[in-house]
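S.K.:
2 protein chains.
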Amino acid sequence: MMNNETSASEQQFLKTYNPEQYKRPSVTVDMLLFTVARGEQKNYRKLPDMELKLLLVKRGKHPFKNQWALPGGFVQVDESLEEAAYRELKEETNVEEVYLEQLYTWGAVERDPRTRIISVSYLALVDHTKLTVKSGDDAAEAEWFTATLKIQEEEKKMTEEGFVQRETFLLTLRNDETTLTADVIVHRTKIGKVETTKTDISLSKGIAFDHAKIIVYALERLRNKVSYTDVIFTLMPDTFTLTELQKVYETILDKKLIKANFRRKISHMVLETNEFTTEAGHRPSQLFTFKNDWSDD
Amino acid sequence: MMNNETSASEQQFLKTYNPEQYKRPSVTVDMLLFTVARGEQKNYRKLPDMELKLLLVKRGKHPFKNQWALPGGFVQVDESLEEAAYRELKEETNVEEVYLEQLYTWGAVERDPRTRIISVSYLALVDHTKLTVKSGDDAAEAEWFTATLKIQEEEKKMTEEGFVQRETFLLTLRNDETTLTADVIVHRTKIGKVETTKTDISLSKGIAFDHAKIIVYALERLRNKVSYTDVIFTLMPDTFTLTELQKVYETILDKKLIKANFRRKISHMVLETNEFTTEAGHRPSQLFTFKNDWSDD
DNA sequence: TCAAAAGTGTTATCCTTACACCCATGC
DNA sequence: GCATGGGTGTAAGGATAACACTTTTGA
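Sequences listed follow chains B and G, in order.
Mapping to numbering that gives the first Met the number 0: the first sequence position 287 is 286, numbers consecutive.
Mapping to numbering that gives the first Met the number 0: the second sequence position 189 is 188, numbers consecutive.
#1: Output the distance between the C-alpha atoms of Leu-286(B) and Glu-50(B), rounded to the nearest integer angstrom.
#2: Buried or exposed for Pro-70(G), going by 16 or more other Cβ atoms inside 10 Å?
#3: Report yes or no: is there a C-beta of chain G within less than 7 Å of the C-beta of Ile-265(B)?
#4: I'd like to know if the stretch 215 to 223 of chain G and the stretch 259 to 267 of chain G are in contact, where contact means that at least 3 CB-CB pairs between them fall below 8 Å.
#5: Given 8 Å as the limit, is there contact between the stretch 194 to 213 of chain G and the stretch 170 to 180 of chain G, that is, 3 or more CB pairs closer than that?
#6: For the stretch 102 to 119 of chain B, which residues have a beta carbon sitting closer than 7 Å to at least one beta carbon of chain G?
#7: Hey, Ala-123(G) and Phe-33(G) are a contact pair by Cβ (cut 8 Å); roughly how many whole angstroms apart?
#8: Rank Ala-207(B), Ser-203(B), Val-26(B), Gln-75(B) by C-alpha distance to the C-alpha of Val-56(B) and give the top, closest one.
#9: Which residues, in order along the stretch 148 to 170 of chain G, keep a beta-carbon less than 9 Å from a beta-carbon of chain B?
#10: Could you check where the alpha helix (DSSP H) with Lys-246(B) kicks off and where it finishes?
#11: Strictly below 9 Å CB to CB, what residues from chain B border Asp-199(G)?
#12: Measure from the alpha carbon of Asp-77(G) to the alpha carbon of each residue in Val-247(B), Thr-228(B), Pro-24(B), then state which is nearest.
#13: Give me the chain G residues within the contact set of Asp-77(B), using Cβ-Cβ distance strictly less than 7 Å, ordered along the chain.
#14: Just list the residues that DSSP pairs Trp-105(B) with in beta bridges.
#15: Taking the alpha carbon of Lys-189(B) as the point to measure from, which residue in Arg-222(G), Asp-292(G), Glu-39(G), Thr-188(G) has its own alpha carbon closest?
#16: Please list, in chain order, all residues of the same chain as Ala-36(G) whose beta carbon is under 7 Å from its beta carbon, the five residues on each side excluded.
#17: For Arg-58(G) and Gln-101(B), I'd like the C-alpha separation in whole angstroms.
#18: Taking the alpha-carbon of Gln-66(B) as reference, which of Gln-164(B), Lys-22(B), Gln-245(B), Glu-140(B) has the nearest alpha-carbon?
#19: Is Tyr-98(B) close to chain G? Criterion is C-beta to C-beta, closer than 7 Å.
#20: Whole angstroms are fine: how far does the CA of Leu-80(B) sit from the CA of Ser-120(G)?
#21: Please check if any C-beta of chain G sits within less than 7 Å of the C-beta of Val-74(B).
#22: Using CA coordinates, which residue listed in Ser-294(B), Pro-283(B), Ala-279(B) is at the minimum distance from Lys-41(B)?
#23: Name the residues in the stretch 174 to 199 of chain B whose C-beta lies less than 7 Å from a C-beta of chain G; which are they?
#24: Can you check the stretch 184 to 244 of chain B for any alpha helix (DSSP H) of at least 4 residues that lies completely inside it and give the ranges in chain order?
#25: What separation, rounded to the nearest whole angstrom, lies between the Cα atoms of Val-28(G) and Lys-89(G)?
#26: Taking only the alpha-carbon atoms, compute the straight-line gap between Thr-272(G) and Leu-179(G) and give it to the nearest angstrom.
#27: Skipping 5 residues on each side, what residues in its chain have a beta carbon closer than 8 Å to that of Phe-261(B)?
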């Protein structure tokens, strides 16, 4: 890191150097890459649940050594944010088809104990059947964790001029080997027209930096998006049964749905195929595909 | 700017200086501050329209000298993004009660012709009765412009694997002295699971940088937000008539609403007062206030 | 008197919700 | 046979959209 010699370009740089201008934050891109995969099958009849998976990398150095973090890296001067995001994706996986959306930009001063870092977070959704995670070539080990977000407590008090709300979430990221957890408390306050949201991590086991916050934010965004867009299909394989689709909705929304109503609601977004599942221990079910042009019917 | 002397802290800095690490983007915060104000009254009976106003500052230096830009500035190392946003607001106005929300982070490489800049944009909404814009003390002149966004053309073609969509917007920012316009074209493409949005400014008269894009983005976000939240009330004075409220909805949504239906829909979000308007050239109308606790009924 | 807006009522239609029922499979 | 899921029907309640009508004011 230290450098005693002075190169020509460095000389050039020093000529126009103004110390004040470098007292500025650096920018990283952090990636929230989600997929869906079947959980374990309890018996020959019962269908497996669909689990939501998030990719994390193990940190090799301090701070937060041996804890798990979101994949990410610095944005270079010659690449746009989207390019940096795609670069991150390519570094970790072989993704070709991916849904990518900018989530939020995190800018608290003490986010990173070393220096001032501003992180632009991106949500990426992929179909697990089209995906393999690269391994080995990067020093960091990357692994999938099953993500669950449960609301523990919710409290809302109305005040003279607004309200004070507190939601307590339990975030769990589980693996064959590892279980990471975090208690995340979201404080929402409204005084007149001023609305403030403050998110605290009251306890984080094994999740580096403020990444538990970011993951909770992403999961909440995903919950919202799923109910008013068709993003869910970016998580599905080319063909799927309606119950599989329903189960993905259910894990993301963390809520049971009524079959008949669910099917009516999504019927205009899917297309029948002539294929059926077999040997499932129960009546075969028809396979469907996403109907690209559902929005104009 | 140039500096020939070398201070102690600078010496210290140079010891650990690594030129590569400074090839990094700088971060600014850009502010989209909106209010609502009554337009001109056509005759003694007719109610004035409600106009959506945006605050812009005139650029004093190159690039884009004499063009109008969003108020904004660099994020310092010792302040969070929100702090930087509030600082910007305070620099331009006397706002106390303001709704503030992070919009989007803009990161194209050539956004600023001078250096690489990443801008985090914030949406701010204020009630104009509580607001005055500071003037004089800053070199830049700040002024309010009436913002209108009209869809000129819309085209959507379905393809094998997705669609190609093109929307053409005409953005107009009007003042007593100045009229700024921009043609903004939003290309939305979907190929399989990859959805891309590319926004181009085909013609920008008097609006600096890529700020026309950002303003269009903000107006679209405002349109969405208004239809599923209660943000609209952050733009309203303490008391208002239902027709005033309806007119604000109509200018933001750029769409006429049916009175009876509108009133039913928002009835649970407002509270009657005992006051009425007078001397309006027609039947007096009751004044209402925002009902803070509408969400739990 | 009358233009302009304030304010309310009616109806058809659609969407949501909850629940009930029958069907098909493979061990 | 039966557990498990596949698949459909019905009815109540609520929200939405379009339209029509009455009331009140001030120049």
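Quick reminder that beta carbons are idealized off the backbone N, C-alpha and C, glycines included.
M.R.: Once the coordinates are examined:
#1: 20 Å
#2: buried
#3: no
#4: no
#5: yes
#6: Tyr-103, Thr-104, Gly-106, Ala-107, Val-108, Arg-115, Ile-117, Val-119
#7: 7 Å
#8: Ala-207(B)
#9: Lys-155, Met-157, Thr-158, Glu-159, Glu-160, Gly-161, Phe-162
#10: 241 to 252
#11: What Asp-199(G) touches in chain B: nothing, since even the nearest Cβ is about 15 Å away.
#12: Pro-24(B)
#13: Val-108
#14: Ser-118(B)
#15: Asp-292(G)
#16: Glu-50, Lys-52, His-127
#17: 30 Å
#18: Glu-140(B)
#19: yes
#20: 14 Å
#21: yes
#22: Ala-279(B)
#23: Gly-191, Lys-192, Val-193, Glu-194
#24: 210 to 227
#25: 13 Å
#26: 40 Å
#27: Leu-241, Gln-245, Tyr-248
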